[in-house]
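Residue numbers for the sequence shown, in numbering that gives the first Met the number 0: 0 to 276.
The C-beta atom is built at its ideal place from N, Cα and C for all residues, glycine as well.
Fair warning: this is a prediction, and the values are worked out from it, not measured in the lab.
The block underneath contains the structure these notes are about, expressed in structure tokens.
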Amino acid sequence: MKTTPSLDVRAQAIAAAAAQWRDANSDVRVRARRVLADNPWPAQQVDAALDNALWDLDEPRALAIAQDMVSHSHRALVFLPGNVLGPALQSAFCAAIARTPTVLKTSSAERQLAHLVSDQLSAFEPLAGLIEARDFGGGDLAAEAEAFDAVDRIIAFGDDDTIEQIRARAGERDVIGYGASYSIAYVGESADLGHAVACIARDACLFDQRGCMSPQTVYLAGEPGRALRFTHALALAMRAEGALLPRARFEAGEQALVSDFVRRLAATAMAPNPHGL
């Protein structure tokens, strides 16, 4: 008779699998680079995302999280986003920690990573069969209904309208949505400007400001001269970080929209205050 793996055994397997994703030379990372070669994101962005997605998931942390979780008999379906790569790994490993059988519904923008992590986790006996990846289009209601029938909880990444449509079709199932968000950074008067600039440039350049942690607005405490110094330093840092993390290929019409936005911004921006430089 098959026995349920202990928490210790499961935590060991989860930590070993997570370590493979942090190792840029591991077999799974080599395969990820190969299958994501045609992705809109440059290789540098892909590597940065995979380096950091599970950065702190070692065995003690996996065990501690699993011990804190209340045991449920849920089966889950995750609608993955197409704008960033991390949630495919994070969703799979969260499900593994919770021991929740989970279907990862891939985005039309990126079909490969969910299948790769599903195959990887299946090679670890305590995690075998927990994660399944499925491909179906957003308008394929028959495939969606089949997936809904097998689960009682749905996690959806996407725009607000898409999440509301999923919620309307989900019936009595729990739906947890991660929709549109607006991120703000605040730099206090005592903050080290050099450190703040480096962190904000990194967060903005990673995934072209599309990630949920990428600030769209930065508020800076202090006098105008400090703000001007910060702005000039941030421009330099963004240029340097952008060379390390190149942006994705422009989509149709996107370059014209960006150029128009920059022209409008230049025409409406206030004249700089040089005091304090």
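For residue i, the residue or residues it bridges with in DSSP
i: isoleucine 130; result: Thr101
i: aspartate 173; result: Arg152
i: leucine 243; result: Leucine 243 pairs with nothing; no bridge assigned.
i: threonine 216; result: Ile183
i: valine 77; result: Leu103 and Ile154
i: glutamate 109; result: Ser106
Residue from the options whose Cα sits closest to the Cα of residue i
i: cysteine 93; options: Ala14, Asp159 and Arg228; result: Ala14
i: alanine 132; options: Glu145, Ala113 and Asp139; result: Ala113
i: alanine 87; options: Lys104, Phe123 and Arg201; result: Lys104
i: methionine 237; options: Arg201, Ala122 and Glu58; result: Arg201
i: tryptophan 349; options: Ser213, Ala226 and Ala91; result: This structure gives no information on residue 349, because the portion of the chain shown stretches from 0 to 276.
i: proline 223; options: Gln89, Phe135, Glu188 and Ala146; result: Glu188
i: alanine 36; options: Ala142, Gln111, Ala12 and Asp22; result: Gln111
i: arginine 74; options: Gly85, Val102, Ser5 and Asp57; result: Val102
i: alanine 220; options: Ser106, Pro80 and Val186; result: Val186
i: proline 39; options: Ala108, Ala146, Asp139 and Ile183; result: Ala108
i: alanine 18; options: Pro80, Cys204, Leu79 and Leu120; result: Leu120
i: arginine 228; options: Arg262, Gly193, Ala184 and Gln44; result: Gly193
i: arginine 168; options: Ala190, Leu140 and Asp191; result: Leu140
i: arginine 209; options: His231, Arg246, Ala190 and Ala242; result: Arg246
i: phenylalanine 78; options: Ala242, Ala42 and Ser106; result: Ser106
i: aspartate 55; options: Asp22, Gln43 and Gln164; result: Asp22
i: alanine 42; options: Ala242, Asp259 and Ala190; result: Ala242
i: proline 4; options: Arg262, Leu233, Glu58 and Ala127; result: Ala127
i: glutamine 44; options: Glu240, Asp259 and Gln254; result: Glu240
i: alanine 232; options: Gln254, Ala65 and Asp191; result: Asp191
i: leucine 53; options: Asp259, Gln89 and Phe260; result: Gln89
Sub-8 Å separation of residue i and residue j beta-carbons
i: leucine 76; j: aspartate 7; result: no
i: asparagine 82; j: phenylalanine 206; result: yes
i: valine 27; j: leucine 84; result: no
i: valine 217; j: alanine 179; result: no
i: phenylalanine 147; j: alanine 16; result: no
Contact belief for residue i with residue j at Cβ below 8 Å, rounded distance in angstroms
i: isoleucine 130; j: serine 117; result: 4 Å
i: phenylalanine 135; j: glutamate 143; result: 7 Å
i: arginine 98; j: arginine 9; result: 7 Å
i: tyrosine 177; j: glutamine 215; result: Not a contact, Cβ separation roughly 17 Å.
i: alanine 12; j: proline 125; result: 4 Å
i: cysteine 204; j: leucine 244; result: 5 Å
Any C-beta of chain B under 8 Å from that of residue i
i: alanine 17; result: Here there is only one protein chain, and chain B is not present.
Could you tell me whether the segment 186–201 touches the segment 156–163, where touching means 3 or more Cβ pairs closer than 8 Å?
-> Segments in contact, no.
State whether the segment 170–183 contacts the segment 141–153, with contact taken as three or more CB pairs (one from each stretch) at a distance under 8 Å.
-> Under the Cβ criterion (8 Å, minimum of three pairs), the segment 170–183 counts as touching the segment 141–153.
Does the count of Cβ pairs from the segment 18–36 and the segment 47–54 closer than 8 Å reach three?
-> yes
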